[in-house]
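Residue 118 in the UniProt record's numbering sits at position 118 of the sequence shown, and the numbers go up by one each step. Where is the CB? At the ideal position from N, CA and C, for every residue including glycine. One structure below.
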Amino acid sequence: MNDITIYHNPACGTSRNVLALIRNTGDEPTVIEYLKTPPDRATLQRLIAAMGVPVREVLRQKGTPYDELGLGDAKWRDDELIDFMLQHPILINRPIVVTPIATRLCRPSEAVLDILPRPQRGAFSKEDGEAVVDAKGQRVARP
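Structure follows, in structure tokens:
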């Protein structure tokens, strides 16, 4: 039974690192490329509620129509912001990971470590070479 889901963008380094960290536990998650298969309204609302964060925290600004749509304006209600995310899935920040422990927007990628049901099996470094866990699967202390 697969009990981990990642809303993933393969063009995003953070998303690729999170997916690799999940796989480093030996689990193979359900991978939803949300730009190809966007969540419906109910799913997006459920994810946001499960994360316990404001809707605005799930909005991505970089590389999106955020500025041209004026989404920084406080006039937009949560349901309107969700409408924009449904119309333009690139506005959904990523990666969002769902596990039996919690649902979380995993930025930075190390945030996923707190919600994985199984430990890391060994050393892991991000694509940029930054070590995340050592050979014993333990977190590497950040300076």
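Residues near residue i in its chain [Cβ-Cβ closer than 7 angstroms; skip 5 each side]
i    : result
P119 : T25 and G137
Residue i, buried or exposed, once every other Cβ within 10 Å from all chains shown has been counted against 16
i    : result
N17  : buried
P54  : exposed
I101 : exposed
S125 : exposed
P95  : buried
Alpha-carbon spacing of residue i relative to residue j, whole angstroms
i    : j    : result
G13  : A74  : 30 angstroms
L47  : T103 : 7 angstroms
E28  : I22  : 7 angstroms
L69  : A135 : 46 angstroms
E110 : Y7   : 16 angstroms
P10  : L35  : 10 angstroms
A20  : F84  : 30 angstroms
A123 : D79  : 42 angstroms
I32  : W76  : 28 angstroms
D114 : R107 : 12 angstroms
Same chain only: Cβ atoms within 6 angstroms of residue i, ignoring 5 sequence neighbours per side
i    : result
T30  : N2 and T5
A131 : S125 and V140
Same chain, Cβ closer than 8 angstroms to residue i, neighbours up to 5 away in sequence not counted
i    : result
A50  : V98, A102 and T103
D128 : G13
L81  : V55, R56, L59 and L71
Proximity to residue i [Cα-Cα], best of the options
i    : options                   : result
R121 : N9, A11, E110 and V133    : V133
G52  : L105, V112, E110 and E130 : L105
S15  : R77, V112 and Q87         : V112
Q87  : T37, P117, I32 and E130   : T37
Any non-hydrogen atom of the ligand HEM within 7 angstroms of residue i CB
i    : result
L113 : For the ligand HEM, the structure offers nothing, since it holds no ligand at all.
Mind the definition here: the stretch 59-66 touches the stretch 35-50 only if three or more C-beta pairs lie below 8 angstroms; say whether that holds. no
Stretch-stretch touch, CB-based, cutoff 8 angstroms, three pairs: the stretch 91-101 with the stretch 43-61: yes
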